[in-house]
Amino acid sequence: MSTGPKLQNELEDVKNELTKVSEEIRRLQNRKNDLLAKRRQIENRIADRNAQMSDDQSVWETDNFPWSSEAVAVLNETFKLNTFRPLQKSVINAVMSGEDTIIIMSTGGGKSLCYQLPAVLAKGLTLVVSPLISLIQDQLIQLKKLGIEAATINQGTSAQEVTRIQNAMIDPKSSLRLIYVTPEKLAKSKRFMSKLEKSAELKCLKLIAIDEVHCCSQWGHDFRPDYKFLHMLKKQLKGVPVLGLTATATGNVLADVKAILGVETAIVFKAGFNRENLYYEVRPKPASNDAVLEDLLELLKGRFKGQTGIVYCFSRKECEELAGELRQNGVTAGAYHAYLEPEVRERCHERWLSGKVRVIVATVAFGMGIDKPDVRFVIHHSLSKSMETYYQESGRAGRDGQPATCILYYRFADVFRVSTMVCTEKVGTQNLYSVVSYATMTSGCRRVAIADHFDETWDESWCNKMCDNCRSGKKASSTVDPLKFLPTAKEIIQSQTTNTKNNSGRVTAPKLAELVHKKLSKTDSRESVEYALARLILDGYLAEDFHFTPYAIIGYVVAGSRRQMPDLSDSSHKRKDNDSIASSSASTPSKKAKTVKEDVIHLD
Ligand SMILES: Nc1ncnc2c1ncn2[C@@H]1O[C@H](COP(=O)(O)OP(=O)(O)OP(=O)(O)O)[C@@H](O)[C@H]1O
Numbered sequence: 001m002s003t004g005p006k007l008q009n010e011l012e013d014v015k016n017e018l019t020k021v022s023e024e025i026r027r028l029q030n031r032k033n034d035l036l037a038k039r040r041q042i043e044n045r046i047a048d049r050n051a052q053m054s055d056d057q058s059v060w061e062t063d064n065f066p067w068s069s070e071a072v073a074v075l076n077e078t079f080k081l082n083t084f085r086p087l088q089k090s091v092i093n094a095v096m097s098g099e100d101t102i103i104i105m106s107t108g109g110g111k112s113l114c115y116q117l118p119a120v121l122a123k124g125l126t127l128v129v130s131p132l133i134s135l136i137q138d139q140l141i142q143l144k145k146l147g148i149e150a151a152t153i154n155q156g157t158s159a160q161e162v163t164r165i166q167n168a169m170i171d172p173k174s175s176l177r178l179i180y181v182t183p184e185k186l187a188k189s190k191r192f193m194s195k196l197e198k199s200a201e202l203k204c205l206k207l208i209a210i211d212e213v214h215c216c217s218q219w220g221h222d223f224r225p226d227y228k229f230l231h232m233l234k235k236q237l238k239g240v241p242v243l244g245l246t247a248t249a250t251g252n253v254l255a256d257v258k259a260i261l262g263v264e265t266a267i268v269f270k271a272g273f274n275r276e277n278l279y280y281e282v283r284p285k286p287a288s289n290d291a292v293l294e295d296l297l298e299l300l301k302g303r304f305k306g307q308t309g310i311v312y313c314f315s316r317k318e319c320e321e322l323a324g325e326l327r328q329n330g331v332t333a334g335a336y337h338a339y340l341e342p343e344v345r346e347r348c349h350e351r352w353l354s355g356k357v358r359v360i361v362a363t364v365a366f367g368m369g370i371d372k373p374d375v376r377f378v379i380h381h382s383l384s385k386s387m388e389t390y391y392q393e394s395g396r397a398g399r400d401g402q403p404a405t406c407i408l409y410y411r412f413a414d415v416f417r418v419s420t421m422v423c424t425e426k427v428g429t430q431n432l433y434s435v436v437s438y439a440t441m442t443s444g445c446r447r448v449a450i451a452d453h454f455d456e457t458w459d460e461s462w463c464n465k466m467c468d469n470c471r472s473g474k475k476a477s478s479t480v481d482p483l484k485f486l487p488t489a490k491e492i493i494q495s496q497t498t499n500t501k502n503n504s505g506r507v508t509a510p511k512l513a514e515l516v517h518k519k520l521s522k523t524d525s526r527e528s529v530e531y532a533l534a535r536l537i538l539d540g541y542l543a544e545d546f547h548f549t550p551y552a553i554i555g556y557v558v559a560g561s562r563r564q565m566p567d568l569s570d571s572s573h574k575r576k577d578n579d580s581i582a583s584s585s586a587s588t589p590s591k592k593a594k595t596v597k598e599d600v601i602h603l604d
């Protein structure tokens with residue numbers, strides 16, 4: 001047994017140590033508080049700077065930079081272009097000044113020049129992170145034609161070529177200007193990353209360009225896990241400015257991208273979203289496939305006779321069937337989807353580019369890097385998964401600036417085909433609802449709705465009758481009040497839930513529409529019922545409830561979290577149609593989802 005003095009000593013030691021630890025904790029706590037205060041201060045300064053920068057971007061548009069005259073010479077002589085397009089000069093000046101920069105510019109706006117020209121001007125190396133090898137190959141071909149040295153490293157690159165490129169990356173005298181890689185390559189190759197670090201240390205690496213930068217964010221429509229790795233770039237390649245490029249990014253996607261990449265102070269340039277030459281239209285999609293085909297053929301042989309375009313489909317099966325049916329009916333059409341052999345797909349693309357095939361019937365796989373200028377129509381045979389996807393895909397029309405048409409076929413049943421596919425994605429359903437909201441606008445300018453989705457403000461008068469609603473003068477809000485249908489819908493949902501006869505106890509949306517219409521067929525058309533149910537889901541009065549079976553995902557309709565006001569005549573229920581994207585959009589959850597939440601009136 002220990003003696004009393006020995007125990008007393010041990011106790012004293014522990015007490016002393018505890019005192020020291022407490023002092024250390026106090027010291028660290030004070031340090032932490034200091035750092036937190038400092039962080040707040042810096043964040044405020046960043047916010048002030050960002051606000052100032054976005055208020056006055058004219059400084060970047062001047063010709064007073066040391067490289068200004070050389071930039072014009074490179075534009076004319078190397079790129080064989082006469083003038084800069086809007087914002088190109090500003091982005092180039094910001095990047096050349098060493099600023100982290102983000103450019104949001106619609107498809108075909110000319111984003112590539114924003115890093116290709118600085119790559120030539122800076123006389124060093126630019127790293128380009130691009131999502132697809134096929135896109136990289138296209139760019140390499142273009143650059144070769146212009147006499148600009150560029151390379152890529154991917155799985156197919158020979159060991160000899162890899163060595164040559166890697167040596168060039170750390171050679172200040174090298175004429176290699178651009179090196180393209182996929183994010184996967186960066187994430188997987190430690191050797192390549194360490195060469196890049198060396199290149200940055202030696203000041204050979206001048207710029208990092210990240211194409212389709214919205215893919216970093218899970219809030220975006222096109223999240224790619226490998227893009228997450230790119231947060232390493234700013235940490236490991238210190239002092240090298242980053243340029244992020246995207247065609248679509250809402251405010252919160254942008255904030256997310258900045259935080260992920262560690263470029264909170266990036267200057268953001270946003271080109272206007274209004275593509276003046278594009279005519280936006282939503283067409284009711286007939287219930288039967290034969291009738292849809294008939295309507296489509298009428299368009300292709302009438303309004304779009306002899307013109308080239310794209311028809312986007314939901315699935316590869318639909319895509320192949322439709323292409324076959326169009327061919328049988330005398331329209332030259334090719335199917336394009338991810339399950340085709342790469343050579344077959346490539347041949348289809350080429351035949352379309354050369355005009356041998358007039359219509360390409362494609363899934364979303366037909367996407368990035370389509371640079372055909374004279375696409376006169378983009379028809380969505382089915383709903384897109386998000387407003388971003390729709391805007392990007394429809395934006396492939398009219399890259400030559402000539403009038404072109406973007407048609408979206410909408411029918412109620414399609415919503416639920418897509419929703420069961422996207423319900424497992426983080427904000428999949430909300431993103432889908434933003435397109436449904438656009439598709440179910442019975443009045444108001446479609447351009448205003450698109451701009452609103454992308455946090456821009458537009459005046460209807462700027463549309464210039466280039467959308468169906470503006471052209472037909474549908475300004476007044478819809479005559480159908482969705483709330484009128486809510487009691488019947490809820491009654492049916494309730495009776496189905498307690499219905500043990502068919503043992504399902506639940507009701508799908510198309511079935512609900514059928515049953516509601518059955519009850520109200522004397523007063524209301526099936527279209528009105530479907531319209532109302534869609535709006536009730538978008539506005540949260542009804543909701544989709546997804547059930548997972550071993551074979552499929554089934555979506556049922558249940559009561560939503562939003563409750564009806566007791567007084568139905570209260571006009572606060574009735575949203576203007578063009579408000580609807582803001583109310584249901586999922587792609588800007590922080591701001592817009594909050595609006596919805598605060599709007600909810602719970603009576604129970
Ligand atoms: N200043 C310019 N003057 C004339 N044409 C230009 C100019 N800048 C770019 N272009 C042309 O515009 C077309 C589209 O450019 P680019 O491919 O860079 O667009 P993008 O914004 O990257 O589109 P996407 O998002 O589809 O990739 C190209 O054919 C390009 O040569």
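Numbering (full-length UniProt numbering), first residue to last: 1 to 604.
Every residue, glycine too, gets a C-beta built ideally from N, C-alpha and C.
The beta strand (DSSP E) enclosing residue i, as first and last residue numbers
i	result
Ala271	Where Ala271 is concerned, there is no enclosing beta strand (DSSP E), given that its DSSP letter is neither H nor E.
Ile148	Careful: Ile148 lies outside any beta strand (DSSP E) and carries neither H nor E.
Leu542	Leu542 to Phe548
Val263	Per DSSP, Val263 belongs to no beta strand (DSSP E) and is neither H nor E.
Thr101	Thr101 to Ile104
Arg283	Leu278 to Pro284
Gly324	Run containing Gly324: none in the beta strand (DSSP E); it sits in the alpha helix (DSSP H), Arg316 to Gln328.
Ala513	No beta strand (DSSP E) holds Ala513; the alpha helix (DSSP H) holding it covers Ala509 to Leu520.
Inter-residue Cα distance where the pair is residue i and residue j
i	j	result
Asn289	Arg535	25 Å
Tyr336	Val364	9 Å
Ile148	Pro183	23 Å
Tyr115	Ile92	7 Å
Asn469	Phe416	25 Å
Phe192	His214	24 Å
Glu12	Pro5	10 Å
Leu113	Asn167	26 Å
Thr246	Cys319	28 Å
Ile90	Ser106	The sequence shown places Ser at residue 90, rather than the Ile named in the question. Answer to the nearest angstrom: the Cα atoms are 16 Å apart.
Arg316	Val361	10 Å
Lys111	Ala209	11 Å
Leu7	Lys38	46 Å
Tyr339	Gly395	24 Å
Lys203	Ala150	18 Å
DSSP state of residue i mapped onto helix, strand, coil
i	result
His380	strand
Lys597	Because the pLDDT at Lys597 is just 29, under 50, the model does not fix this residue reliably, and the value given afterwards should be weighed accordingly. Helix at Lys597.
Gly555	strand
Cys216	helix
Asp13	helix
Pro66	coil
Asp222	coil
Asp211	strand
Tyr336	strand
Arg177	coil
Ala365	coil
Gly428	helix
Ile141	helix
Ala247	coil
Lys206	strand
Cys313	coil
Cys114	helix
Residue span of the alpha helix (DSSP H) that contains residue i, given as start and end
i	result
Ala291	Asn289 to Lys301
Val344	Pro342 to Leu353
Integer Cβ distance of residue i from residue j, believed to fall under 8 Å
i	j	result
Ala397	Thr405	7 Å
Leu196	Leu127	7 Å
Leu205	Leu178	Wrong, their Cβ atoms sit about 11 Å apart, outside the cutoff.
Ser217	Val253	5 Å
Task: Contact the segment 381 to 397 vs the segment 308 to 315: 3+ CB pairs below 8 Å - done: yes
Task: Cβ contact (3+ pairs, closer than 8 Å) linking the segment 324 to 336 and the segment 294 to 305 - done: yes
- [ ] Evaluate the contact criterion for the segment 217 to 227 versus the segment 263 to 278: three or more CB pairs, one atom per stretch, below 8 Å.
- [x] no
Task: At least three beta-carbon pairs within less than 8 Å, the segment 437 to 447 to the segment 271 to 284 - done: yes
- [ ] Evaluate contact between the segment 58 to 76 and the segment 94 to 112, counting only Cβ atoms and requiring at least three cross-stretch pairs below 8 Å.
- [x] yes
TODO: Evaluate contact between the segment 75 to 86 and the segment 230 to 240, counting only Cβ atoms and requiring at least three cross-stretch pairs below 8 Å.
DONE: Cβ pair count under 8 Å is below three, so no.
Open item on the list: Closer than 8 Å is the cut-off here; do at least three beta carbon pairs connect the segment 548 to 560 with the segment 407 to 425?
Closed with: yes
Open item on the list: Could you check whether the segment 102 to 113 touches the segment 240 to 259, counting it as contact only if at least three pairs of C-beta atoms, one from each stretch, sit closer than 8 Å?
Closed with: The segment 102 to 113 is in contact with the segment 240 to 259.
Open item on the list: Does the structure place the segment 478 to 488 close enough to the segment 512 to 527 that three or more beta carbon pairs sit under 8 Å?
Closed with: yes
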